[in-house]
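Using my numbering, read the first sequence as starting at 1 and increasing by one per residue.
What follows is one structure encoded as structure tokens, with my remarks underneath.
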Amino acid sequence: MALHLYDTATRDVREFRPARGATASMYVCGATVQGIPHIGHVRGALNYDVLRRWLLHNGLDVLMVRNVTDIDDKILAKAADAGRPWWEWAATHERAFEDAYTALGCLPPSIAPRATGHVTQMIELMQRLIDAGHAYAAGGDVYFSVTSFDDYGVLSGQRLDEMQQGETQAEGKRDPRDFTLWKSSKPGEPSWPTPWGEGRPGWHLECSAMATTYLGPEFDIHGGGVDLVFPHHENERAQSRAAGDGFARFWLHNAWVTLSGEKMSKSLGNVVAIPEMVRRYRAVELRYYLIQPHYRSTIEYSDAALSEAAQGYRRIEQFLRRVSGASGEVRAGKVAAEFAAALDDDLGTPQAFAVLHNTVRDGNAALDGGDAAKSVELAETVRAMTEVLGLDPLSERWAERAGTESQALADLVDGMLAARQRARAERDFATADIIRDQLTNAGIAVEDTPNGPLWTVRD
RNA sequence: GGCGGAGUGGCCGAGUGGUUCAGGCAAGGGCCUGCAAAGCCCUGUACACGGGUUCGAUUCCCGUCUCCGCCUCCA
1 MALHLYDTAT RDVREFRPAR GATASMYVCG ATVQGIPHIG HVRGALNYDV LRRWLLHNGL
61 DVLMVRNVTD IDDKILAKAA DAGRPWWEWA ATHERAFEDA YTALGCLPPS IAPRATGHVT
121 QMIELMQRLI DAGHAYAAGG DVYFSVTSFD DYGVLSGQRL DEMQQGETQA EGKRDPRDFT
181 LWKSSKPGEP SWPTPWGEGR PGWHLECSAM ATTYLGPEFD IHGGGVDLVF PHHENERAQS
241 RAAGDGFARF WLHNAWVTLS GEKMSKSLGN VVAIPEMVRR YRAVELRYYL IQPHYRSTIE
301 YSDAALSEAA QGYRRIEQFL RRVSGASGEV RAGKVAAEFA AALDDDLGTP QAFAVLHNTV
361 RDGNAALDGG DAAKSVELAE TVRAMTEVLG LDPLSERWAE RAGTESQALA DLVDGMLAAR
421 QRARAERDFA TADIIRDQLT NAGIAVEDTP NGPLWTVRD
């Protein structure tokens with residue numbers, strides 16, 4: 001089965017075929033860099049990272065654009081409150097997002113364009129829309145005329161006549177539901193020159209301009225959080241298609257991370273910030289937790305659920321360690337067919353994880369049964385699958401080989417374990433247990449295996 | 001008011017018109033172990049509520065209740 005994806009615009013699951021042969025193009029709505037990233041922000045990025053890895057795994061070249069909205073009302077307001085330049089405020093938080101994505105193992109995008117760097121392209125797009133009669137300038141602002149575009153509302157399933165009041169009323173608007181492409185600047189605000197006056201970008205315009213700049217007038221996938229369906233994506237789609245571009249062929253939307261049943265947002269104060277999470281948990285375990293549920297299902301965040309997920313991850317990690325401890329290096333093999341089928345079915349990560357765990361169980365059983373060859377084969381499959389999910393415990397990214405970081409620690413522990421083995425051989429279990437307790441107290445877990453003791457650093 | 005999502009076993013979280021089960025975590029029993037740990041095996045008999053369709057529904061239809069999101073900035 002080939003990859004099938006759910007498209008918000010058509011509300012069905014369709015086969016995905018890249019428009020341009022072996023290259024898939026993705027545009028993902030990144031952050032408005034006004035604050036510190038929380039796990040909700042990162043969840044979406046992780047979902048699209050898994051999709052990207054799956055496309056790569058299937059031999060496609062993937063062009064991925066993840067934008068940075070570095071100018072908007074909130075950035076200006078917050079920077080002003082903090083008494084800092086708006087551009088510094090934006091740059092600071094852009095780095096915080098970048099760090100969060102990296103910490104959780106997201107592959108870097110092909111490019112992360114900033115809105116402020118693409119004003120030229122925005123002006124061009126506005127001009128095309130005005131020329132085509134879909135937009136108009138009024139008092140330095142530029143608006144998109146929603147009634148001029150028949151398809152308006154198709155993406156979000158809204159009917160124009162049922163829509164409640166649109167953006168804030170402005171005098172120049174011909175219809176209250178028209179949305180702003182460009183807003184004139186007030187004195188003291190940052191601004192850029194345009195044929196219609198000094199001003200700054202409206203929110204929606206940048207994505208259309210940047211997506212088509214880098215990916216062309218038509219591209220494969222446009223992703224973002226469900227809250228962006230309306231108005232953001234509806235408006236993007238309207239302005240681009242009205243301008244004559246094909247724009248996104250598939251619209252993907254990831255669900256929320258909620259806390260106590262509510263959407264996570266700064267105004268509610270129920271935010272779980274990434275920098276703190278990464279201090280408290282292993283990033284790979286947080287990643288595991290966030291990508292296991294289906295991307296269109298809401299995750300109700302809880303510490304308990306995260307801890308459970310961490311246990312699940314450690315089971316996989318442990319298996320790979322057991323096999324490499326017994327048989328040496330484990331390479332990445334081929335993913336299981338059922339795993340591929342699961343991901344091909346609209347990125348069915350829950351089923352994919354089930355396959356992963358079943359493979360781990362079989363591999364453990366093979367190991368227990370003395371079938372080393374089979375255990376290695378299954379471990380190689382496990383590695384391949386975890387690699388697609390960005391969770392490979394043996395990858396350079398996530399491997400926690402204390403020995404490579406500290407030869408001194410490794411020598412010390414190995415020495416103690418050798419002493420313990422001698423004590424055990426002499427059936428001096430009291431001494432053996434004292435040594436093990438010492439290690440345990442130092443945060444080092446010891447496991448005896450037929451091939452000798454294995455140790456790992458906990459926490 | 002309009003549009004959309006969700007209610008599954010102790011917990012997380014999939015899925016399907018029908019005897020065989022998602023998967024994980026936790027629990028109990030067993031095997032293994034000097035003891036542990038890890039691992040393996042076994043156990044739990046779930047699908048919000050009320051109707052209907054059906055030989056048979058958790059899965060389809062209708063209704064009810066509850067929760068959540070979007071319609072204003074938002075991942």
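Built from N, CA and C at the ideal position, the CB exists for glycine as well.
- Annotation note: the segment 343-394 contains the following uninterrupted alpha helix (DSSP H) runs of length 4 or greater, listed N- to C-terminal: 349-368 and 372-388.
- Across the set Arg17, Leu46, Gly83 and Tyr27, the C-alpha of Tyr27 shows the shortest separation from the C-alpha of Val68.
- From the listed residues Ala248, Phe230, Val355 and Leu394, the smallest Cα separation to Glu329 is found for Leu394.
- Classified as buried, Ile291 has 16 or more neighbouring CB atoms from the shown chains inside 10 Å of its CB.
- Closest option to Val388, judged by alpha-carbon separation, among Thr349, Ala238, Gly44 and His294: Thr349.
- The shortest C-alpha to C-alpha distance from Ile36 to any of Tyr101, Val382 and Asn58 is the one to Tyr101.
- Comparing alpha-carbon positions, the option among Ile39, Arg52 and Leu129 lying closest to Ala103 turns out to be Ile39.
- The Cβ-Cβ distance between Ser302 and Ser375 does not fall below 8 angstroms.
- For Val229, no alpha helix (DSSP H) segment is defined, and its DSSP state is neither H nor E.
- In the three-state DSSP reduction, Ala115 falls in the helix class (H, G or I).
- With a contact defined as Cβ atoms closer than 8 angstroms, Gly202 and Ser185 miss out at about 12 angstroms.
- In terms of CA proximity to Phe97, Gln34 leads the group Asn235, Ala79, Gln34 and Asp72.
- Taking C-beta separations shorter than 6 angstroms and ignoring five residues to either side along the sequence, the partners of Met385 in its chain run Val335, Phe339 and Leu356, following chain order.
- When rounded, the separation of the alpha-carbon atoms in Arg95 and Ala137 is 35 angstroms.
- Rounded to the nearest whole angstrom, the C-alpha separation of Tyr48 and Gln421 is 48 angstroms.
- Residue state for Asp178 is assigned as coil, using DSSP reduced to three classes.
- Residue environment for Phe429: exposed (fewer than 16 other C-beta atoms within 10 angstroms of its C-beta).
- Pro187 sits exposed, since fewer than 16 C-beta atoms from the chains shown fall within 10 Å of its C-beta.
- Here Glu124 carries a helix assignment [DSSP, helix/strand/coil].
- It is roughly 28 angstroms from the alpha-carbon of Ala79 to the alpha-carbon of Met126.
- In the assembly as shown, Thr449 is an exposed residue. Its beta-carbon has fewer than 16 other beta-carbons within 10 Å.
- For Met64, there is no enclosing alpha helix (DSSP H); the residue is part of the beta strand (DSSP E) that begins and ends at Asp61 to Arg66.
- Listed in chain order, the beta strand (DSSP E) elements of length 3 or more contained wholly in the segment 282-322 are 299-301.
- Gly224 and Trp455 have their alpha carbons spaced roughly 42 angstroms apart.
- Note: Ser25 is bridge-paired with Leu63 in the DSSP secondary-structure output.
- The distance from the Cβ of Asp141 to that of Thr180 is about 6 angstroms, consistent with a contact at the 8 angstroms cut-off.
- For His134, the three-state secondary structure derived from DSSP is coil.
- Here Arg11 is exposed: its Cβ has fewer than 16 other Cβ atoms, across all protein chains shown, within 10 Å.
- Excluding the 5 residues flanking it on each side, Glu380 has same chain C-beta neighbours closer than 7 angstroms at Val330, Arg331, Ala332 and Gly333, in chain order.
- With contacts defined by Cβ atoms closer than 8 angstroms, Val457 and Leu439 do not form a contacting pair.
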